[in-house]
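As they're listed, the protein sequences go chains A, B and C. The first sequence begins at 15 in my numbering and counts up by one. The second sequence begins at -3 in my numbering and counts up by one. The third sequence begins at 156 in my numbering and counts up by one. C-beta atoms are modelled at their ideal positions from N, C-alpha and C, and glycine is treated no differently. Computed from a predicted model, the values in this text were never measured in an experiment. Right, one structure below, let's go through it.
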Amino acid sequence: MRKLLATTAVALSVIGATAMPAAADTLKIGYIDPLSGGAASVGQIGLNQLNFIADDINAKGGVNGNMVEVIGYDNQINAQTSLVQLQKAIDEGVRIVLQGNGSSVGSAILGFVEKYNKRNPDAHILYMNYGAIDPTLTNENCSYWHMSIDANVTVKMAALTNFMTPREDIKKVYLISQDYSFGHSVADTAVAMLKEKRPDIEIVGNEFHPLVKITDFAPYIAKIKASGADSVITGNWGQDFALLIKAAGQAGLNINWYTYYAGGTGGPTAIKQAGTADQVFQVNEGISNLDYAPAQEVAAAYTERFKDAPVMFPRVFNAMGLLVKAIEEAGSQDPADFIPKLEGMEYSTFSSGGDSFIRKDDHQFFQPLYVSTFGPLEANQTFDEENTGWGWKKVGEVAAKDTVVPTTCDMKRPG
Amino acid sequence: MLEILFISTINGVTYGMLLFLMASGLTVIFSMMGVLNLAHASFYMLGAFFGFEISRRLGFWPGLLLAPLIVAGIGMLVERYGLRTVHKHGHVAELLFTFGLTFVIQKLVEMVWGKLPVDYRVPASLDFPAFTIFATDYPAFKVFGLFASIAIFLALMLVIKRTRIGLIVQAALTHPDMVGMLGHNVDRVFMLVFGVGVALAAVAGVIAGPALVTQSNMAGLLGPILFVVVVVGGLGSLGGAFIASLLIGLVQTFAVAFNVSLADVFGPIAESSGLGVYFDDLWSVTVAQVAPILPYLLLVLILIFRPRGLMGNRES
Amino acid sequence: MSTSNTPGQIALPSGAETGFVRRYGIWIAAAIVLAALPYVFSSGLAVSTMCVMGTMIIFALSYNMLLGQTGLLSFGHAVFFGLGGFLTAQLIIAFAGGEQPLPLMLFPLFGGVTGLIFGIIFGAVATRRAGTAFAMITLGISELVSSTALILRKFFGGEEGIMFDRTEVFQLFGLSFGPQIQVYYLIAGWCLVSVIAMYALTCTPFGRICNAVRDNPQRVGFIGYNTTMVRFIAFSLSGLFAGIAGGLAAINFEIMNSAQMGAHESGAVILMTYIGGVGNFAGPIIGAVFVTFLQLTLSDLSDVWELYFGLIFICVVMYAPNGIAGLLMLQRPLLQRGQLLRVAPYYLMALVPALVGIAGLSMVIEMTHQLSIAASEGAEMTMLGFTFNADAVLPWMVAAVLLALGAWLFLRAARVAQDAYGAALVQGSMK
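Here it is, written out as structure tokens:
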């Protein structure tokens, strides 16, 4: 039924009639991420989570009495397509847009939203960024109409290096990253922060490989081995991470891996296949085995409904939670009204109820970060990943206030 | 240094032989039918996925046997009902048909198996390190892949050069009408050849699936390299494809081992001004970073200086 | 299959026999239609879509200069599109501030020049060979260029590309080109100019020789032309127009990234041009509009829309190699003989089972999709207003019946329609 409505709306809007006026003032959330093509699995998971959250909110009466409607737009992880879809969303009356897969798409959307709001002063389009973590989005290119919900590269590296600092067994670190802006940010921040916190650690390699192009990482593993490193820091995600870990397992490389996205789709399966138990670490905003009852209830219900893709991103839940709270406080769906509420807002995170807040200067959300390791589950832990039987276990925690990093943002505010 | 050299050589040869498994099928189809099957990598992917499904129920070895047969069947249907119809519209139409086929097969695979990678495992019988050299384990599965590829190459050469079927197929390449007049069913020969060609790709898929990631985008990753191999080796030459696969496998693997850039060799240049600033990146990029594009560079160079490829003997 | 049609459109020496309206009427009509479109389709999405269609029309027509007119199948045409766009973007950034009197309207020209220069460079390498080898060279060049773009990060902006503001250059007559409607008219204007230029090219002797090279290169050599040179010039000129299209696309989106030079974009233009029809000048125009429209709307109807796309393309390659334009052109003799109305009922008769068969096929596809990828949403699904369970036996049987029946009836009806077509042709010519 949703699809039929959506199609009619599109057809009508293309012909020029106004989009079908929705019942009362539905709160429309546009979700622009890949829903087809190679990256679709991740995009679809985000959409599943939004639908899950929306159904839950609607069952409880909606937001300010209005029902929430989530509309997915497929951008095929392409920046230009994202802009056309964004235009389509705006035509359909959407003012709040969520996106999180791909910093290139994030930058494009940010640029478009900034220019669109400038050229159409009544528009007030808000971009809730739940995963594009290029630091420029909250520094040089920051915008009043953008909220960054996921911890950016610098913040995560700060947490990770804080975790690594007291570990005496780390002596030689090898860096391997994808050769694009994100990979370079990860590598540069790692070098800088390690130098500052543990100058005795020797960085024995700083490798860049083309993005999503390598099928056989064996040569890279050989180099890592030759360098004598005991730890690897990498921002690799998706198949770049999966193939890396598999190659390491096959070559019998026995070291620790400090990552950002080992928990992404395909990662847990690869780690299990490689057999590297308790040696892969990741830093993120939350895992399911944190012993926080409200989150675990939701996680159980979610994994029950989405059996074939039981992956959760707490950042999506945080993003929606923040939005709903701000809209209810402002009593209005217009971003111009509730953005001031979001600035400086204090919030309890989804994963653990921890204290978090949005900084007014750059609209960056600061939250507790967790370092976890992947391996066989203990008796009291129930959530495994990708049906492998292994799961994420917390080994470190950094409070929100300890993750704050400075910003160069010079935000232009309206009015 | 010696360790890297040795490991890289073995890795390069293994990767090259995997490429050859696929390129051999492509070359056979091209030399027999004059059609460059752009969807060849898609049949490789189908082989991997069918191998996965069969290995889940019957085990890896039945998969190795059955998956190529199933894919061969599909290939024959494609040839009979697809390529044959399009053949009369010319070469461009044939290329475009296989191009569209790539697309459709990928979408079908996505539709059935999804976009996530599937858990295609190395069989327990081969899941051990074959040998340990310089403290690095070398997986037995890769060694198996190496031997399988060599065996297939030898078998192929034997069949083409020494058996009657091979003789007929060679003849049908250049004189299809004459062969038809001699009483052989040329259409059936073509169908068989296409089936065998894609079956070879499927075998590559079954072997590569557990070693690499089995995912719906695997065709797009290996596809372009495949065409480089075939063109560099010389369209239609099996020996050329063999040499080219090894060459490209070794080049790519060795390139990754070297973190050398022009800046390291010639010294950093001063920050240029104006247009030069755009080319500074070229100066500081390392060989390792450009490793995956070296095959394409090789392709363009070969096509400039030796257009018929290393061992090609056919003008297309 | 050359692109000139009625006798009146070949430039006759005197020019007095063909009226002004007859010669140029179609272009004037096109200009009027382009100017009026935003009033008919006025929503933001419609204007944005038409902007995209405008750039794609130029892009597809430039590709047809290679494929349809010269017989060169290139898999790397997006390289010129992308390079043209990048240079335009960098120049807009360079000239931001508006001191130099270069209004935005001129910038696509820079894109065109870039396309021309690179067309010459790559053409010198690529056009030495034809056929399959040419296709492979273009594939290699395409991969090479898009990979190099990721290395030359300063110029190409790496993965994220470069963003800019088109309102920052010199503004002529106060036109800032901020509002989308102004950009639409810019694109429409350039589109008209480019289309006229490319059409004019097909009418020149050079255009005819290109067709000859496509049809019989050996013979062209015999009559004294250098086929390599002809291909080289055609390649370079197609790069020129692709560069213009790229410049316009850059202006439209205000962002340019390396994905637009890659294999995906090259594949898209092949699809557009071929589905529209390579044998006819209007084919790529139809294809560009049709495919752009499908790309934007089809994804709402089905998650597996790309599969339908691929199937449409394969059907066109197999059964309608002259594309949509070809199918329309087949009706022309009927129209001329006044027999169209006689054959039309047969077409309708064939259309009904075709729709039934398509319904059955899409049921199978959608149900398979529901049971595999979308399994987490449960087996219940809705199609055309009917709700049913994808894992029940009945829907599958219904789908199988619809598909089989539809296909069989369609094949019969198509044969009858074909006979009717033939009869009508004969009938008409006997009058």
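Check                                                                                                                     : Outcome
Cutoff 8 Å: valine 98(A) Cβ touching any chain C Cβ                                                                       : yes
Rounded distance between the beta-carbons of aspartate 376(A) and methionine 425(A), thought under 8 Å                    : 7 Å
Residue-chain proximity (arginine 567(C), chain B), Cβ-Cβ < 8 Å                                                           : no
Interface residues of the region 383 to 415 of chain A facing chain B [CB-CB below 9 Å]                                   : Glu400, Asn401 and Thr402
Backbone secondary structure at glutamate 182(A) - three-state DSSP                                                       : coil
Counterpart residues of tyrosine 361(A) in DSSP-defined beta bridges                                                      : Ser370(A)
Any C-beta of chain B under 8 Å from that of alanine 290(C)                                                               : yes
Closer than 8 Å at the beta carbon, the chain C residues around serine 302(A)                                             : The premise fails here: serine 302(A) is roughly 17 Å from chain C at the closest Cβ pair, so nothing lies under 8 Å.
Reduced DSSP secondary structure (H/G/I, E/B, other) of methionine 425(A)                                                 : coil
Boundaries (first-last residue) of the beta strand (DSSP E) holding threonine 128(B)                                      : 125 to 129
Proximal chain B residues relative to isoleucine 469(C), where beta-carbon distance stays under 8 Å                       : Gly78, Phe93, Gly96, Leu97 and Val100
Cβ neighbour criterion (16 or more within 10 Å) applied to tyrosine 11(B)                                                 : buried
Where the alpha helix (DSSP H) containing histidine 223(A) begins and where it ends                                       : Segment 216 to 223 is the beta strand (DSSP E) holding histidine 223(A); no alpha helix (DSSP H) there.
Segment limits, beta strand (DSSP E) that includes lysine 42(A)                                                           : 41 to 47
Chain-ordered neighbours of phenylalanine 222(A) on chain B, where CB pairs are closer than 7 Å                           : Gln285
Runs of beta strand (DSSP E) wholly within the region 54 to 114 of chain B (minimum 3 residues, chain order)              : none
Per-residue contacts from leucine 228(C) into chain B (C-beta, under 7 Å)                                                 : Val88 and Leu91
Bridge partner(s) assigned by DSSP for valine 82(A)                                                                       : Leu41(A)
The region 200 to 209 of chain B contacting the region 181 to 196 of chain A, beta-carbon criterion three pairs below 8 Å : no
C-alpha distance - phenylalanine 273(C) paired with alanine 397(C), whole-angstrom precision                              : 11 Å
Residue range of the unbroken beta strand (DSSP E) whose run includes asparagine 143(A)                                   : 140 to 143
Min CB distance asparagine 92(A) to chain C below 8 Å                                                                     : yes
Closest Cα partner of aspartate 455(C) within the set Gln94(A), Ala68(A), Lys102(A) and Ser346(A)                         : Lys102(A)
Bridge-paired residues (DSSP) for histidine 160(A)                                                                        : Tyr141(A)
Distance, serine 280(B) Cα to isoleucine 301(A) Cα                                                                        : 40 Å
Distance, valine 498(C) Cα to aspartate 120(C) Cα                                                                         : Outside the shown range of chain C, which is 156 to 586, sits residue 120(C), and nothing can be said about it.
Residues that proline 476(C) contacts on chain B, provided the C-beta gap is smaller than 7 Å                             : His85 and Ala89
Residues that leucine 189(A) contacts on chain B, provided the C-beta gap is smaller than 9 Å                             : Within chain B, no residue comes near leucine 189(A); the closest Cβ sits about 12 Å away, beyond 9 Å.
Three-state secondary structure (DSSP) of asparagine 176(A)                                                               : helix
Beta bridge counterpart(s) of asparagine 544(C) as assigned by DSSP                                                       : Glu535(C)
Pairwise C-alpha distance: proline 508(C) and alanine 569(C)                                                              : 10 Å
Check whether alanine 197(B) and glycine 8(B) have beta carbons under 8 Å apart                                           : no
Rounded straight-line distance, which links the Cα of aspartate 69(A) to that of valine 74(B)                             : 45 Å
Outcome for valine 418(A) when other beta-carbon atoms lying within 10 angstroms are tallied against a minimum of 16      : exposed
Sheet register partners of valine 195(C) (DSSP bridge)                                                                    : Bridge partners of valine 195(C): none, in fact.
Chain-ordered neighbours of isoleucine 296(C) on chain B, where CB pairs are closer than 7 Å                              : Val296
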